[in-house]
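Visitor: Using UniProt numbering, the letters of the sequence shown correspond one by one to residues 1 to 767. Every residue, glycine too, gets a C-beta built ideally from N, C-alpha and C. Note that the coordinates shown come from a computational prediction; the quantities given were computed from them, not determined experimentally.
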Amino acid sequence: MMLLAVLSGFILALFAPLICRVAGDRCGWVFALLPATLFVWFAWLLPEVMANGAQVVRYPWFPAMEINLDFLIDGLSLMFALLISGIGTFILIYAGGYLKGHPYLGRFYVVMLSFMASMLGVVLSDNLVTLFVFWELTSITSYLLIGFEHEDVKARASALQGLFVTVAGGLALMAGLIMLGTMAGSYSLNDVLASDADLLGHEWAVPMLLCILAGAFTKSAQVPFHFWLPNAMAAPTPVSAFLHSATMVKAGVYLLARLNPALGEAELWTLLLSFFGGLTMFTGAFMAITHTGAKKVLAYSTIMALGTLVMLIGIGTHYALVAFATFLVAHSLYKGALFMIAGILDHETGTKDVAEMGGLASLMPVTSVAAAVAALSLAGLPPLLGFVGKELMFEAVLDAPAWQMLLPVLAFGAGIGVMVAAGIIAIKPFYGKRLETPKHPHEAPVSMLAGPVVLAGLSLLFGVALFIPEQTLVAPVVASLGGAAEKVHLALWHGINMPLILSLGCLVVAGLILRFWSRLQPQLDVLREGLGRFGPEAGYFRIMEWLTRIATWQTRVLQNGTMGNYMITLALTTVGITGFTLITQYGVPLRLPVPDSGFAAGIALLMIVSAFFATGTVSRLGSVAAMSIVGFAVALIFILFSAPDLGITQILVETLTVILLVLVLFRLPGFTRMSSPLERWRDIIVAVMVGALMTVLILAATEVQFFEPISAEHVARSVSDGHGRNIVNVILVDFRALDTLGEMFVLALAAVGVYSMIRLKAEDQTA
């Protein structure tokens, strides 16, 4: 059932275009049935997990390589699965109204459903390899979603930027996960977390930590990799609401939280998470108040939230774990609602700039109420769940170790920033003087209002009835992270304490900034542009410029259209890299084999003489004849060493090749000296180097045996598993079936290519 739950999104995606064609404008409601069903099923699993703890569901895939479709079900994975499926339900409905009439709506749902399935795979996978596969699938599908409006240059550039950053981090993550699995002796997350191995004392500990952090930081937009997230707002609003609030950008946060019980004792881990998390938190909050675009403001406030979550993982205390779980739920609810509200404003007014909006509350009353509730939760004001999360965050940073004393200052600054951002989103568009917009605004359809209203309502409900998130979400998550679930207690009022004083201070300062925000905007614009010239994004563009220059140079020098240069470059690269590795790493002592019979020695000598004759003769027919002797001699070698099938195949192929060469020989130009003596000597030297390398590799391969020969396994299993007594045939059609299939495809494509060229030439002649 769990496997079906994860893969169901991919299955439904196959039929998305057909469903859109049949269901029309209501296709969003149809697609939403899947995540809604999954949400109910995940919620049904919660009591069992709360009572019995984590469970692992195993589906063997490649057991010999320890690659299985295993799924880990505990409080952390279930909370993420509930957020993905629950918010995903409303996003799919919302997308149907937002993209109503779009010619590529079916294509959109194909990618969106695939992305949702990939995210479920990330948060539920127990195997490190399959987790990484799903991780990369989220990068690919998010690239397609961000660049959905592919005719827009900005959308394409933003999609590529997000792909480059996250895939670069993904490569580092792959190395980190491989090292982690090797160090722990298992690629099962559950085994890694329960491992007795001294992971942090291993010689690979530091590079492993850095690689994993690089992958998580790029995915979750931590400084200095945060710049791709605001640019990704070029995507349609349903994409921003789903990918950049509750799902993709939290994949890195999920991975850090998942591995924290195993790696949290490392000082480097806590130092980097606390430092970069706190810096990202402050940077996101500050940058949010410098923008006027609704989606940009929300994007930077999302960066602030991601930094907060990473910082809380780094602190690692009980308060921090409780704050992490509470803040994660609160942020997913209010940010999903606010992104959809931003899309409604854009959809109904025709502008994305909140500075161009005003007085919309009377025209859009439902939207304005939902925006106010969600923004209050974003600002961290009572009685919303966001207030509880913010108070717990303040409590966690105040309770942090002494060496993290800067974190309360950063948290206070971030609290001011998000309160200002909340005011920008909730106050400026709906209240004050009515401003004319490109479109006459009116209330959005039910499909677009359902999500914001429900999510904002849940922010209020969970804030008032705190026992619901406390018992069903927060406590199980804390338990899965190694904390004490029985000590989890959420409350709106803890008396007058330092977190409350900090909240009041944030409110006063944020109110003053909002009062003069319009006047400050020109100065903020100048500051933002000045910082942008020296920020990480500027560095990204410089790197891309350098890479473009390098690519241009290597194309001009190496890929200049001359086949001879291609062959020489490939040959020298192969000889250099392989030869260097062979000499420096192995230094294998080589022994020249002595033939068992004079017949084999005679065949080998005949092949050598024929090969030299083929390269030295000026007769085309003589060259072909000499090469055919080499080919038939190879067939004799096969037969001599008890491989008659290969020998017969070689004879047939060689015969066909000779016939074809002879048929076309007289249509080819004769041999002429078109190269200089220096070029010919160069070619001879390269050929000798390649021949010498191949000879050394063959001798080394026969000299070194790291593992037992696989041929014994083929002999033992050919009859029982392959149901054949001809071992060569069984190898081709059973043991190496995929390889044989690939070769068949190559041959088929070659045949199609030749046929196409012949047909085009025939059409040109008739024309």
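Alpha carbon to alpha carbon, how far is Glu545 from Thr302?
Guide: 29 Å
Visitor: Taking the beta carbon of Met357 as the centre, do at least 16 other beta carbons fall within 10 Å, making it buried, or is it exposed?
Guide: Buried, by the Cβ-count rule.
Visitor: Can you find at least 3 beta carbon pairs, one from the segment 129 to 143 and one from the segment 158 to 168, that sit closer than 8 Å?
Guide: yes
Visitor: What separation, rounded to the nearest whole angstrom, lies between the Cα atoms of Leu693 and Val733?
Guide: 32 Å
Visitor: So, with DSSP's three-state summary, where would you put Leu466?
Guide: coil
Visitor: Determine the burial state of Glu48: buried for a count of at least 16 other Cβ atoms within 10 Å of its Cβ, exposed for fewer.
Guide: exposed
Visitor: For Lys487, which residues in the same chain have their Cβ closer than 7 Å to its Cβ, ignoring the five residues on either side in sequence?
Guide: His318
Visitor: Just the C-alpha distance for Pro452 and Thr37, rounded to the nearest angstrom, thanks.
Guide: 20 Å
Visitor: Using the C-alpha atoms, what's the distance from Arg519 back to Thr292?
Guide: 13 Å
Visitor: How close, in whole Å, do the beta carbons of Leu259 and Leu273 come, if the pair is a contact with beta carbons under 8 Å?
Guide: Not really, about 11 Å apart at Cβ, beyond 8 Å.
Visitor: Kindly indicate which three-state DSSP category Ile425 falls into: helix, strand or coil?
Guide: helix
Visitor: Are the beta-carbon atoms belonging to Gly314 and Leu271 less than 9 Å from one another?
Guide: Contact: yes.
Visitor: With 16 as the cutoff for other CB atoms within 10 Å, does Met179 come out buried or exposed?
Guide: buried
Visitor: Within 8 Å: the Cβ of His440 and any heavy atom of the ligand FAD?
Guide: Absent from the structure shown: the ligand FAD. Ligands present: none.
Visitor: Determine whether the beta carbon atoms of Val310 and Phe276 lie at a separation below 9 Å.
Guide: yes
Visitor: I need the DSSP call for Leu113, collapsed to helix, strand or coil.
Guide: helix
Visitor: So is Glu265 buried or exposed if we call it buried at 16+ other beta carbons inside 10 Å?
Guide: exposed
Visitor: Which residues bound the beta strand (DSSP E) around Trp61?
Guide: Counting along the chain, Trp61 sits inside the beta strand (DSSP E) bounded by residues 60 to 62.
Visitor: Spell out the partners DSSP gives Gly622 in its beta bridges.
Guide: Partner(s): none; Gly622 has no beta bridge.
Visitor: If you follow the beta strand (DSSP E) that Leu481 is part of, which residue opens it and which one closes it?
Guide: Neither: Leu481 is in no beta strand (DSSP E) and is coded neither H nor E.
Visitor: Pair every Cβ in the segment 412 to 421 with every Cβ in the segment 372 to 379, then say whether three or more of these pairs are closer than 8 Å.
Guide: With the cut-off at 8 Å, the segment 412 to 421 and the segment 372 to 379 touch.
Visitor: Check whether the Cβ atoms of Met393 and Thr283 lie closer than 9 Å to each other.
Guide: no
Visitor: Roughly how many whole angstroms lie between the Cα atoms of Arg556 and Glu654?
Guide: 38 Å
Visitor: Could you tell me the boundaries of the beta strand (DSSP E) in which Val239 lies?
Guide: No beta strand (DSSP E) contains Val239, which is instead part of the alpha helix (DSSP H) from 237 to 243.
Visitor: Going by C-alpha distance, which of Phe707, Pro709, Glu708, Phe735 is nearest Ser720?
Guide: Phe735
Visitor: So, is Asn560 buried or exposed, given that buried needs 16 or more other C-beta atoms within 10 angstroms?
Guide: Asn560 is classed as exposed because its beta carbon has fewer than 16 other beta carbons within 10 Å across all chains shown.
Visitor: Taking only three categories from DSSP, how would you classify Gly201?
Guide: coil
Visitor: Quick one: measure Cβ to Cβ for Val354 and Ile424, integer angstroms, because I've assumed they're closer than 8 Å.
Guide: Contact flag correct, Cβ pair sits at about 6 Å.
Visitor: Using CA atoms only, rank isn't needed, just tell me which of Pro429, Gly631, Val664 is closest to Thr349.
Guide: Pro429
Visitor: Alpha carbon to alpha carbon, what distance is there between Gly495 and Leu502?
Guide: 13 Å
Visitor: Here's a check: name, in chain order, each residue in its chain whose Cβ is nearer than 8 Å to the Cβ of Arg620, leaving out the five neighbours to either side.
Guide: So the qualifying residues of the chain are Leu665, Leu668, Gly670, Phe671.
Visitor: Less than 8 Å between the CB atoms is what I'm expecting for Thr351 and Thr437, so what's the real figure, rounded?
Guide: 6 Å
Visitor: Tell me where the alpha helix (DSSP H) around Lys55 begins and ends.
Guide: Before going further, note that residue 55 is Gln rather than Lys in the sequence given. Careful: Gln55 lies outside any alpha helix (DSSP H), inside the beta strand (DSSP E) at 55 to 57.
Visitor: Classify Gly293 as helix, strand or coil using the three-state DSSP reduction.
Guide: strand
Visitor: Could you tell me whether any Cβ in chain B is nearer than 9 Å to the Cβ of Ile550?
Guide: Absent here is chain B; the protein component of the structure consists of one chain.
Visitor: Quick check: what's the CA-CA separation for Ile344 versus Leu12?
Guide: 27 Å
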